[in-house]
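Trainee: With the first letter of the sequence shown counted as 1, position 80 gets the number 80 in the UniProt record's numbering; the numbers rise by one all the way through.
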Amino acid sequence: MGSLDANPAAAYAAFAADVEPFRPLDADDVRSYLHKAVDFVYDYYKSVESLPVLPGVEPGYLLRLLQSAPPSSSAPFDIAMKELREAVVPGMTHWASPNFFAFFPATNSAAAIAGELIASAMNTVGFTWQAAPAATELEVLALDWLAQLLGLPESFMNRTVAGGRGTGGGVILGTTSEAMLVTLVAARDAALRRSGSNGVAGITRLTVYAADQTHSTFFKACRLAGFDPANIRSIPTGAETNYGLDPARLLEAMQADADAGLVPTYVCATVGTTSSNAVDPVGAVADVAARFAAWVHVDAAYAGSACICPEFRHHLDGVERVDSISMSPHKWLMTCLDCTCLYVRDTHRLTGSLETNPEYLKNHASDSGEVTDLKDMQVGVGRRFRGLKLWMVMRTYGVAKLQEHIRSDVAMAKVFEDLVRGDDRFEVVVPRNFALVCFRIRAGAGAAAVTEEDADEANRELMERLNKTGKAYLAHTVVGDRFVLRFAVGSSLQEEHHVRSAWELIKKTTTEMMN
């Protein structure tokens, strides 16, 4: 040991003379590995329709197929690809399958996959403009393009159409959860300043609001931002508003809190709730919140994509009066995970709460005020080149094709809705919005569903039977205390015959249950 430690450089030289140097980015290896990976992707998309959508595996299955300890020596790349095919793929839930109707779709496209591949190869870390000028500016450009498609006012854009600097702007984050969290933090700080709080001492007086249909991630984000759980108001909704937020109830709750000496701080409105695709009235919500100077955020994660079509844009009416809006192209705009676009009307309110300025990141561009360092609009510092895939999707397909994609999915959902309404054993529970149909076996449909409680159990059994076939995958929700099946159209490979085949399977399975 002593002789080795005395001259480590000589010891390494002796070792290195006997082995090939390690070159993980050897250009020939990169080409070879990627060719094999692309062949795998090609084969996957050609065969995914025939694979069971939901795998028939049990928890812990993979540990029995792959070695439990990391390999001590290298192996050919083909070994990893073989284990991927034989062990990993059989345990995948195939979101890319045209028979996937659960949750909301995770859409994808050739352009997005190519953009993600190139961004991963470049592996840029764009925390400041100087660290990645093109990555920063392409993200800004892609966000402004999307803002124009959505008909957002220029106050939400980084650059106006005329080329001037906007007062607002956008940033691409990973998920809606992050968008909610950073805007909650900005709203929290603004409310503390407004109420004259000494530091965070007044945080226990701050209140936040959302409909009871709002995604559960909102309530998690509130806790992460430091809001007292007792001050998180979940406003009840009902069939009379199609489960959208009632502005009168919102006003009543905010006024009661203000009268009690609390500080209404933040309201989350949703365009397309996860449960039933309910739409909160954005303009009316903004008007109520304005009475209390509360921040309004619009969560349009799923349905925001539909608003690139003029016939759906009215769902965003009043957006010029909100403080922020987020939507996720990875749900319905052909851009693979992860890609959530957050827009704020005043970037300074966001960066004022999130800015970091360590010495090692200081540079002339940042100091000039001519650029917005995107690290100051997110929780972390490091960030991926997400803007490339979003830009490539819009640049490759153009507005017309993207609108055609949305309209096709909505049309297929309408086909399914009509099929459900044509069978008196079923009911559509809430009016269809966009490409989601909420339906169920109705009470009284047969001996297995005499009462509402019986119908709940029948629908649960129907879902379980359908999913076990591997030929379709549906998820459920609870609407008005009733168990409801969700049929979400939009998987990128889906065509009308997949929708009709799923309906035939639903009918056949229901008949088997009822007999």
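Ideal Cβ placement from N, Cα and C applies to all residues, glycine included.
#1: Pull up the distance between the alpha-carbon of glutamine 130 and that of asparagine 357, whole angstroms please.
#2: Excluding the 5 residues flanking threonine 265 on each side, which residues of the same chain have their C-beta closer than 7 Å to its C-beta?
#3: For glycine 169 and histidine 315, what's the separation of their Cα atoms in angstroms?
#4: Beta-carbon separation of cysteine 339 and arginine 395 under 8 Å?
#5: One question on the structure: do asparagine 322 and histidine 348 come within less than 8 Å of each other, judged by their Cβ atoms?
#6: For arginine 500 and alanine 211, I'd like the C-alpha separation in whole angstroms.
#7: Taking the alpha helix (DSSP H) that histidine 315 belongs to, which residues open and close that run?
#8: Just tell me which of Ser177, Pro70, Pro329, Glu320 has its CA closest to the CA of residue 519.
#9: Alpha carbon to alpha carbon, how far is aspartate 39 from glycine 380?
#10: May I have the straight-line CA-CA distance separating threonine 511 from alanine 278, to the nearest angstrom?
#11: Out of curiosity, what's the CA-to-CA distance linking alanine 69 and glycine 91?
#12: Name the residue from Asp376, Leu25, Arg223 whose alpha carbon lies nearest to the alpha carbon of methionine 122.
#13: From Asp367, Leu350, Val344, Val415, pick the residue whose C-alpha is nearest to that of aspartate 144; which is it?
#14: Can you tell which of Phe312, Gly304, Asp346, Pro310 has its C-alpha closest to the C-alpha of methionine 327?
#15: Can you tell me where the beta strand (DSSP E) holding valine 39 begins and where it ends?
#16: Taking the beta carbon of threonine 451 as the centre, do at least 16 other beta carbons fall within 10 Å, making it buried, or is it exposed?
#17: In the structure shown, what three-state DSSP assignment does serine 276 receive?
#18: Between arginine 460 and phenylalanine 483, how many whole angstroms is the CB-CB distance? I'm expecting something under 8 Å.
#19: What residue from Val53, Tyr61, Met81, Pro21 has the CA that sits closest to serine 32's CA?
#20: Which residues in the same chain as alanine 253 place their Cβ atom closer than 7 Å to its Cβ, once the five residues preceding and following it in sequence are excluded?
#21: Can you list, in chain order, the residues of its chain whose CB lies under 7 Å from that of asparagine 242, leaving out five sequence neighbours each side?
#22: Please classify glutamine 67 as buried or exposed, where buried requires at least 16 neighbouring CB atoms within 10 angstroms.
#23: Would serine 109 and methionine 334 be called neighbours here (beta carbons separated by less than 8 Å)?
#24: Can you grab the Cα-Cα spacing for the pair aspartate 275 / leucine 262, in whole Å?
#25: Taking buried to mean at least 16 other C-beta atoms within 10 Å of its own C-beta, is proline 98 buried or exposed?
#26: Within the continuous alpha helix (DSSP H) that includes threonine 265, where are the two ends?
#27: Using a threshold of 8 Å, state whether the C-beta atoms of phenylalanine 416 and phenylalanine 487 are closer than that.
#28: Could you tell me the distance, in whole angstroms, from the CA atom of aspartate 28 to the CA atom of leucine 34?
#29: If you count every other CB in all the chains shown that lies within 10 Å of the CB of lysine 389, and 16 or more means buried, which is it?
#30: In the structure shown, what three-state DSSP assignment does glycine 115 receive?
#31: Less than 8 Å separating the beta-carbons of alanine 502 and phenylalanine 101?
#32: Where does aspartate 373 sit, in a helix, a strand or coil, going by DSSP?
#33: Roughly how many angstroms separate the alpha carbons of serine 197 and isoleucine 203, rounded to a whole number?
#34: Starting from glycine 387 and walking both ways along the alpha helix (DSSP H), at which residues does that stretch end?
#35: Mind checking which residues open and close the alpha helix (DSSP H) that includes alanine 134?
Mentor: Short version:
#1: As a first step, residue 130 must be located in the sequence shown, where it is residue number 130. As a first step, residue 357 must be located in the sequence shown, where it is residue number 357. Near 14 Å, if we compare the C-alpha coordinates of asparagine 357 and glutamine 130.
#2: Taking the first residue of the sequence shown as 1, we reach residue 265 at position 265. Same-chain partners within the cutoff: Ala187, Arg188, Ala191, Leu206, Thr207, Val208, Ala294, Trp295.
#3: Here residue 169 is taken as the residue at index 169 of the sequence shown, counted from 1. Here residue 315 is taken as the residue at index 315 of the sequence shown, counted from 1. Taking the straight line joining both Cα atoms gives about 21 Å.
#4: Walking along the sequence shown from the start, residue 339 turns up at place 339. Walking along the sequence shown from the start, residue 395 turns up at place 395. Taking 8 Å as the Cβ cut-off, cysteine 339 and arginine 395 do not qualify as a contacting pair.
#5: One-based indexing of the sequence shown puts residue 322 at position 322. One-based indexing of the sequence shown puts residue 348 at position 348. Correcting the residue type first, residue 322 is valine in the shown sequence and not asparagine. Going by C-beta atoms, valine 322 is not nearer than 8 Å to histidine 348.
#6: Translated into the one-based positions of the sequence shown, residue 500 becomes position 500. Translated into the one-based positions of the sequence shown, residue 211 becomes position 211. About 34 Å.
#7: Residue mapping note: residue 315 aligns to position 315 of the sequence shown, counting from 1. No alpha helix (DSSP H) contains histidine 315, which DSSP labels as neither H nor E.
#8: It is not possible to answer for residue 519, since the shown part of the chain is limited to 1 through 515.
#9: Along the sequence shown, read from residue 1 onward, the residue named residue 39 stands at position 39. Along the sequence shown, read from residue 1 onward, the residue named residue 380 stands at position 380. The straight-line gap from Cα to Cα measures roughly 35 Å.
#10: Position 511 of the sequence shown holds residue 511. Position 278 of the sequence shown holds residue 278. Roughly 31 Å separates the two Cα atoms.
#11: Numbered from 1 along the sequence shown, position 69 holds the residue referred to as residue 69. Numbered from 1 along the sequence shown, position 91 holds the residue referred to as residue 91. In a straight line, the C-alpha of alanine 69 is about 20 Å away from that of glycine 91.
#12: Translated into positions along the sequence shown, residue 122 becomes position 122. Nearest option by C-alpha distance: Leu25.
#13: Locating residue 144 in the sequence shown gives position 144, where the first residue counts as 1. Of the candidates Asp367, Leu350, Val344, Val415, the one whose C-alpha sits nearest the C-alpha of aspartate 144 is Val344.
#14: Taking the first residue of the sequence shown as 1, we reach residue 327 at position 327. When each option's Cα is compared against that of methionine 327, the closest is Gly304.
#15: Within the sequence shown, the letter at position 39 stands for residue 39. Reading off the sequence shown, one finds aspartate at residue 39, where the question assumed valine. Where aspartate 39 is concerned, there is no enclosing beta strand (DSSP E), although the alpha helix (DSSP H) it sits in stretches over 27-47.
#16: Working through the sequence shown from its first residue, we reach residue 451 at position 451. By the 10 Å Cβ count, threonine 451 comes out exposed.
#17: As a working note, residue 276 is residue 276 in the sequence shown. Residue state, collapsed to three classes: coil.
#18: Counted from its first residue, the sequence shown places residue 460 at position 460. Counted from its first residue, the sequence shown places residue 483 at position 483. Yes, they are in contact, since the Cβ atoms of arginine 460 and phenylalanine 483 sit about 6 Å apart, within 8 Å.
#19: Along the sequence shown, read from residue 1 onward, the residue named residue 32 stands at position 32. Considering only alpha carbons, the answer is Met81.
#20: Taking the sequence shown and counting its residues from 1, one reaches residue 253 at position 253. Tyr209, Arg233, Ile235.
#21: For the purposes of this step, residue 242 is taken as the residue at position 242 of the sequence shown. Excluding positions up to five away in sequence, the list reads Ala278, Val430, Pro431.
#22: Mapped onto the sequence shown, residue 67 falls at position 67. Label assigned to glutamine 67: exposed.
#23: Here residue 109 refers to the residue found at position 109 of the sequence shown. Here residue 334 refers to the residue found at position 334 of the sequence shown. In contact: serine 109 and methionine 334 (Cβ atoms closer than 8 Å).
#24: Stepping through the sequence shown from its first residue, residue 275 is reached at position 275. Stepping through the sequence shown from its first residue, residue 262 is reached at position 262. It should be pointed out that residue 275 corresponds to serine in this sequence rather than to aspartate. Going by the C-alpha atoms only, they are around 30 Å apart.
#25: Locating residue 98 in the sequence shown gives position 98, counting from the first residue. Label assigned to proline 98: buried.
#26: Translated into the one-based positions of the sequence shown, residue 265 becomes position 265. Here threonine 265 belongs to no alpha helix (DSSP H); instead the beta strand (DSSP E) covers 263-270.
#27: Start at 1 with the first residue of the sequence shown, and residue 416 comes out as number 416. Start at 1 with the first residue of the sequence shown, and residue 487 comes out as number 487. In contact: phenylalanine 416 and phenylalanine 487 (Cβ atoms closer than 8 Å).
#28: In the sequence shown, counting from the first residue as 1, residue 28 sits at position 28. In the sequence shown, counting from the first residue as 1, residue 34 sits at position 34. Looking at the two C-alpha atoms, the distance is approximately 10 Å.
#29: Here residue 389 refers to the residue found at position 389 of the sequence shown. Classification of lysine 389: buried, given that the 10 Å Cβ count is 16 or more.
#30: Start at 1 with the first residue of the sequence shown, and residue 115 comes out as number 115. Glycine 115 falls in the helix class under three-state DSSP.
#31: Within the sequence shown, the letter at position 502 stands for residue 502. Within the sequence shown, the letter at position 101 stands for residue 101. A contact, by the Cβ cut-off of 8 Å.
#32: Stepping through the sequence shown from its first residue, residue 373 is reached at position 373. Three-state result, aspartate 373: coil.
#33: Taking the first residue of the sequence shown as position 1, residue 197 is located at position 197. Taking the first residue of the sequence shown as position 1, residue 203 is located at position 203. Serine 197 and isoleucine 203: Cα-Cα distance of roughly 8 Å.
#34: What you label residue 387 is simply residue 387 of the sequence shown in a count that begins at 1. Taken as a continuous stretch (DSSP letters only), the alpha helix (DSSP H) holding glycine 387 covers 387-421.
#35: For the purposes of this step, residue 134 is taken as residue 134 along the sequence shown, with counting starting at 1. Looking at the DSSP string, the run of the alpha helix (DSSP H) that includes alanine 134 is 133-150.
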